[in-house]
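Worksheet for the structure shown next.
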Amino acid sequence: MLQPIDMLIHSAAQVCVVPAVGAAGSRRPQRGKVLGTLGLIPDGAVAVHQGRILEVGASAALRQLYQAATDIDAAGRCVLPGFVDPHTHVPWMGDRANEFEQRLAGATYMEIMAAGGGIMSTVNRTRQASLAELVDDNLPRLQRMLAYGTTSAEAKTGYGLNQAAELKQLEAIAALNAQQPIELSLTFLPAHAVPSEYRGRTDEYVDLIIHHMLPAAAAWAAERHLTLFCDVFCEEGVFDVSQTRRIFAAAQELGFRLKVHADEFVGLGGTALAVEMGAVSADHLVRTPVGDIVALGQSDTIAVGLPGTPFGLAEQAYTPAAAILEAGGALALATDCNPGTCWCESMQMVIALACRYMGLTQAQAVAAATLNAAFAIGRGEEIGSLDAGKQADILILNTPDYRHLGYRFGVNLVQTVIKRGQVVVHHRAAAA
Ligand code: NIG
Ligand code: FE
Numbered sequence: 138m139l140q141p142i143d144m145l146i147h148s149a150a151q152v153c154v155v156p157a158v159g160a161a162g163s164r165r166p167q168r169g170k171v172l173g174t175l176g177l178i179p180d181g182a183v184a185v186h187q188g189r190i191l192e193v194g195a196s197a198a199l200r201q202l203y204q205a206a207t208d209i210d211a212a213g214r215c216v217l218p219g220f221v222d223p224h225t226h227v228p229w230m231g232d233r234a235n236e237f238e239q240r241l242a243g244a245t246y247m248e249i250m251a252a253g254g255g256i257m258s259t260v261n262r263t264r265q266a267s268l269a270e271l272v273d274d275n276l277p278r279l280q281r282m283l284a285y286g287t288t289s290a291e292a293k294t295g296y297g298l299n300q301a302a303e304l305k306q307l308e309a310i311a312a313l314n315a316q317q318p319i320e321l322s323l324t325f326l327p328a329h330a331v332p333s334e335y336r337g338r339t340d341e342y343v344d345l346i347i348h349h350m351l352p353a354a355a356a357w358a359a360e361r362h363l364t365l366f367c368d369v370f371c372e373e374g375v376f377d378v379s380q381t382r383r384i385f386a387a388a389q390e391l392g393f394r395l396k397v398h399a400d401e402f403v404g405l406g407g408t409a410l411a412v413e414m415g416a417v418s419a420d421h422l423v424r425t426p427v428g429d430i431v432a433l434g435q436s437d438t439i440a441v442g443l444p445g446t447p448f449g450l451a452e453q454a455y456t457p458a459a460a461i462l463e464a465g466g467a468l469a470l471a472t473d474c475n476p477g478t479c480w481c482e483s484m485q486m487v488i489a490l491a492c493r494y495m496g497l498t499q500a501q502a503v504a505a506a507t508l509n510a511a512f513a514i515g516r517g518e519e520i521g522s523l524d525a526g527k528q529a530d531i532l533i534l535n536t537p538d539y540r541h542l543g544y545r546f547g548v549n550l551v552q553t554v555i556k557r558g559q560v561v562v563h564h565r566a567a568a569a
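Okay, structure coming up:
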């Protein structure tokens with residue numbers, strides 16, 4: 138007698154489990170040299186019931202056990218966990234195509250920012266928008282991310298930079314969460330830039346964040362039974378390490394978990410601070426001093442590489458993945474999707490860049506974009522791999538071999554996206 142279940146995906150050329158590698162069933166990110174363990178099952182199958190992974194194994198074995206309401210013949214394609222994008226700046230309004238043109242003519246990102254453009258120009262557009270406009274403008278962006286295989290993501294504020302506009306961004310993220318399948322983790326980033334009205338008065342703006350904005354965001358989250366991350370752009374000319382430390386101390390007191398934009402342009406010490414304060418992730422890490430990488434490798438803080446950003450800025454330096462892995466660190470990947478440095482909605486593109494410029498193999502990049510990315514938003518227990526018991530967030534590629542990820546770029550290799558056991562995207566394109 139076959140056991141009735143909701144869904145059986147079978148006859149996959151490969152199922153990539155990307156197992157969480159902790160001892161005795163505990164769930165851990167893939168650290169150091171372990172990164173890239175895919176747990177490949179040839180001619181594999183995935184049994185799904187009530188939105189969760191019930192079992193993975195050989196197709197022949199699972200087909201003898203289960204009778205599925207929805208039977209999906211993967212027909213020789215590759216099956217893997219949905220991508221998790223643990224660093225995005227969704228939602229925002231407008232674009233900065235003019236600044237890209239200025240950069241092509243030689244201006245740097247930090248010069249444009251110091252002259253009042255950059256983040257502040259997106260802030261002006263985002264402040265002007267109504268909540269409904271902000272939601273409507275960002276919904277198609279998330280739909281594209283989903284079509285490219287992202288099933289969970291992080292979303293930050295940081296284009297409000299005053300209390301009302303930052304809370305409007307939180308409201309927009311909550312509304313977007315309810316209106317489409319990607320699950321969004323919320324990050325409060327009032328310390329993304331010093332708004333023009335506080336120019337030259339950074340410490341006063343930090344005081345405003347600590348005494349008004351953080352408590353208001355914490356109250357907003359508590360009413361909705363949500364938890365928030367707090368992030369800071371810790372960078373020369375933006376918020377220094379001591380200002381970042383003050384903000385983080387206040388945030389921790391209010392129950393926020395921490396993330397940081399660290400060492401993107403200058404190795405200022407944001408990564409060391411993240412380790413010291415037990416941040417969930419430290420992101421960018423392009424200019425991180427060697428000693429800080431060693432400390433990171435011995436901590437639980439996830440290192441998030443964002444190779445779309447130096448690519449977007451046409452810069453040469455990338456996150457030093459080999460050093461991070463050598464130090465035993467847990468490396469994740471994200472898009473950094475934002476209108477300034479990196480308007481990239483595709484984790485497939487990020488994998489392609491990570492293989493070329495961070496020196497990752499396709500297997501390492503896939504694990505960094507799924508399991509470790511889930512840990513970078515504190516959800517590694519729940520998503521990011523096809524381990525039994527996890528939420529059934531699953532991709533079927535239109536190719537038989539995961540190694541086409543990274544190798545091919547500028548094309549969508551995702552055929553089917555399954556979120557919590559439901560098919561939410563199905564591209565009818567022929568196998569490629
Ligand atoms: O991660 N560096 C700070 N924040 C973004 C850029 C945001 C923007 O330019 O609008 C980043 O690269
Ligand atoms: Fe960012």
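Each step along the sequence shown adds one to the number in the numbering used here, with nothing skipped, and position 93 is 230. Even glycine gets a Cβ: it sits at the ideal position worked out from N, Cα and C. Model, not experiment: these values are computed from the prediction.
Mind pulling the alpha helix (DSSP H) runs of 4 or more residues that sit fully within the stretch 184-252? Here the runs fully enclosed are 196-202, 234-241, 246-251.
Tell me whether F448, by its Cβ, gets closer than 7 Å to a heavy atom of the ligand NIG. Relative to the ligand NIG, F448 has its C-beta separated by 7 Å or more from all heavy atoms.
In terms of alpha-carbon separation, which member of T364, F393, A411, I347 lies closest to V378? The shortest C-alpha separation from V378 is found at A411.
Just confirm the distance between the C-beta atoms of G176 and C153, as a whole number of angstroms; I'd bet it's less than 8 Å. So it is a contact: roughly 7 Å between Cβ atoms.
Do E228 and the ligand NIG come close, with the Cβ less than 7 Å from some heavy atom? Before going on, a small fix: residue 228 reads as Pro here, not Glu. False, no ligand heavy atom lies under 7 Å from that Cβ.
Counting only beta-carbon atoms, is V423 nearer than 8 Å to chain C? Here chain C cannot be found, since the structure has a single protein chain.
Using CA coordinates, which residue listed in A244, D437, G496 is at the minimum distance from L450? If you compare the alpha carbons of A244, D437, G496 with that of L450, the shortest gap goes to A244.
Are there three or more Cβ pairs, one per stretch, closer than 8 Å when the stretch 508-519 is compared with the stretch 197-205? With the cut-off at 8 Å, the stretch 508-519 and the stretch 197-205 do not touch.
Short check: CB of T339 to CB of P476, under 8 Å? Pairing T339 with P476 gives a Cβ-Cβ distance that is not under 8 Å.
If we require 3 or more residues per run, which beta strand (DSSP E) segments fall completely within the stretch 338-403? Qualifying beta strand (DSSP E) stretches, in chain order: 366-371, 394-399.
Just checking C371 against the ligand NIG - is the residue's beta carbon closer than 7 Å to any of the ligand's heavy atoms? It does not: the Cβ of C371 is nowhere closer than 7 Å to a heavy atom of the ligand NIG.
Please identify the residue among A212, L405, C367, G374 whose C-alpha is closest to the C-alpha of Q389. Comparing Cα-Cα distances from Q389 to each of A212, L405, C367, G374, the minimum goes to C367.
Among the candidates F448, M138, R545, V155, whose CA atom is the shortest distance from the CA of I531? Measuring from the Cα of I531, the nearest candidate turns out to be V155.
For H186, is the classification buried or exposed, using 16 other Cβ atoms within 10 angstroms of its Cβ as the cut-off for buried? H186 comes out buried.
Just to confirm, is the Cβ distance from N275 to L313 under 8 Å? Yes, Cβ-Cβ distance for N275 and L313 is below 8 Å.
Which residues DSSP lists as bridging S322, in chain order: Note: S322 sits in a beta bridge opposite E291.
Got a sec, what are the start and stop residues for the beta strand (DSSP E) V562 sits in? 559-563 is the span of the beta strand (DSSP E), which, as asked, contains V562.
Could you give the distance in angstroms between the alpha-carbon of H541 and the alpha-carbon of A505? Whole-angstrom Cα-Cα distance: 16 Å.
Rank M250, M282, A353 by C-alpha distance to the C-alpha of A301 and give the top, closest one. When only C-alpha atoms are compared, the closest one is A353.
Of the residues A149, T446, D222, which one's Cα is nearest the Cα of R516? Among A149, T446, D222, the Cα nearest to that of R516 is on D222.
Would you mind sorting M138 into buried or exposed? The rule is 16 or more other CB atoms within 10 Å of its CB. Per the 10 Å Cβ criterion, exposed.
Pick from F376, I384, L199: whose alpha carbon is nearest that of E401? Comparing Cα positions, the closest option is F376.
Are A88 and A500 closer than 8 Å when you measure CB to CB? As shown, the chain starts at 138 and ends at 569. That puts residue 88 outside it, with no answer to give.
Assuming G576 and G188 form a contact by the criterion Cβ under 8 Å, report the distance between their Cβ atoms to the nearest whole angstrom. This structure gives no information on residue 576, because the portion of the chain shown stretches from 138 to 569.
Counterpart residues of G442 in DSSP-defined beta bridges: G442 is bridged to L470.
Environment of E341 [buried if 16+ CB atoms lie within 10 Å]: It counts as exposed.
N- and C-terminal bounds of the alpha helix (DSSP H) containing V431: First-last of the alpha helix (DSSP H) with V431: 427-434.
Return yes when the C-beta of C367 is under 7 Å from any heavy atom of the ligand NIG, and no when it is not. Because no heavy atom of the ligand NIG lies under 7 Å away, the Cβ of C367 does not count as near it: no.
Is P444 closer than 8 Å to Y494 when the C-beta atoms are compared? Their beta carbons are under 8 Å apart, which means Y494 touches P444 by this criterion.
Between which residues of its own chain and A309 is the CB-CB distance below 8 Å, once the five residues before and five after are set aside? Closer than 8 Å at Cβ, skipping near neighbours: P228, L268, L271, V272, N275.
Inter-residue Cα distance where the pair is L363 and R214: L363 and R214: Cα-Cα distance of roughly 38 Å.
Taking all protein chains shown into account, do 16 or more other C-beta atoms lie within 10 angstroms of the C-beta of L191, making it buried, or fewer, making it exposed? Buried, since its Cβ has 16 or more Cβ neighbours within 10 Å.
Where G415 falls: helix, strand or coil (DSSP): It is coil, neither helix nor strand.
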